[in-house]
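Numbering-wise, the UniProt record's numbering puts 68 at position 68 of the sequence shown, and it's gapless, one number per residue.
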Amino acid sequence: MLGRFAQARRLLLTASAARSCQSGGVGGSDSLSHIDAATARPRMVNVGDKSSSRRVAEAACHLTVSAGLHRLLLDSGGQLAKGSVLLTAELAGVMAAKRTSELIPLCHQLPLNSAQTSVTVHNAEPRVDVTCRVECDGRTGVEMEALTGCAVAALTVYDMCKAADKSIVVRDLRLLAKTGGKSGDYRREE
């Protein structure tokens with residue numbers, strides 16, 4: 001339990017950081033929309049006055065795996081003792097995208113038009129590539145849904161393969177692109 005001094009210090013530091021970000025511009029925005037500048041408390045953004053538009057987001061990550069697991073996945077077509085690793089991970093990614101608002105506290109619940117997850121074993125490198133693309137017609141973006149779908153698909157690969165390789169690492173979870181909304185389009189330059 002934090003003492004009163006520590007709580008007050010944390011609140012002041014958080015408020016200072018929120019004000020700094022409100023005026024400074026971090027990552028292309030001039031504010032942290034989920035932080036109330038006056039109180040430095042988290043808040044859900046009110047999207048009631050925004051107009052609905054087509055929103056699309058795509059995210060990606062990959063898992064590095066041992067040479068042995070890589071060969072096993074290639075030779076078996078992703079079929080291991082627990083079942084089809086790739087298909088199960090793809091379904092898990094879609095399910096996660098649909099339930100993002102239950103996992104991320106300040107995300108809005110969105111009626112998705114589609115969510116597509118792709119999980120593939122890289123032919124040359126010992127890795128598994130994951131992408132997730134999400135679409136909706138709504139008042140807020142679907143970036144978090146794409147990122148969540150991608151992350152959960154990767155974690156599903158980890159879960160299904162950990163008996164064969166405990167050294168698996170999930171890497172480079174990132175937003176690749178997004179379209180729609182007031183902030184406009186974004187495409188990551190890689």
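Glycine included, each C-beta is placed from N, C-alpha and C at the ideal position.
Straight-line Cα distance separating residue j from residue i
i      : j      : result
ALA57  : SER183 : 13 Å
ARG139 : SER118 : 26 Å
LEU69  : ARG55  : 37 Å
ALA151 : GLY93  : 7 Å
GLU90  : LYS82  : 15 Å
HIS34  : ALA154 : 27 Å
ARG171 : LYS50  : 34 Å
VAL142 : SER101 : 11 Å
VAL134 : ALA115 : 4 Å
SER76  : THR88  : 15 Å
Selection from the options that minimises the alpha carbon distance to residue i
i      : options                           : result
LEU147 : LEU32, GLU125 and LYS178          : LYS178
HIS62  : VAL121, PRO111, GLU145 and HIS108 : VAL121
CYS136 : ASP185, SER52, ALA164 and ILE104  : SER52
THR64  : ARG127, ASN46, SER84 and ALA164   : ARG127
ALA67  : ILE168, SER84 and LEU176          : ILE168
VAL47  : GLU190, HIS108 and ASP159         : HIS108
VAL130 : MET44, ILE104 and LEU176          : LEU176
Three-state secondary structure assigned by DSSP to residue i
i      : result
THR39  : coil
HIS70  : helix
ALA97  : helix
CYS161 : helix
CYS107 : coil
LEU112 : strand
GLY78  : coil
VAL47  : coil
THR131 : strand
LEU63  : strand
LEU32  : coil
Beta-carbon separation (whole angstroms), residue i vs residue j, contact threshold 8 Å
i      : j      : result
GLU145 : LEU106 : Actually they are not in contact, since the Cβ atoms of GLU145 and LEU106 sit about 13 Å apart, beyond 8 Å.
ALA59  : LEU173 : 7 Å
CYS161 : VAL85  : 6 Å
Neighbour-count burial assignment, residue i, 16 or more Cβ in a 10 Å radius
i      : result
GLY78  : buried
VAL74  : With the sequence shown as reference, residue 74 is identified as Leu, and Val is not the correct amino acid for it. When all chains shown are included, LEU74 counts as exposed.
ALA163 : exposed
THR39  : exposed
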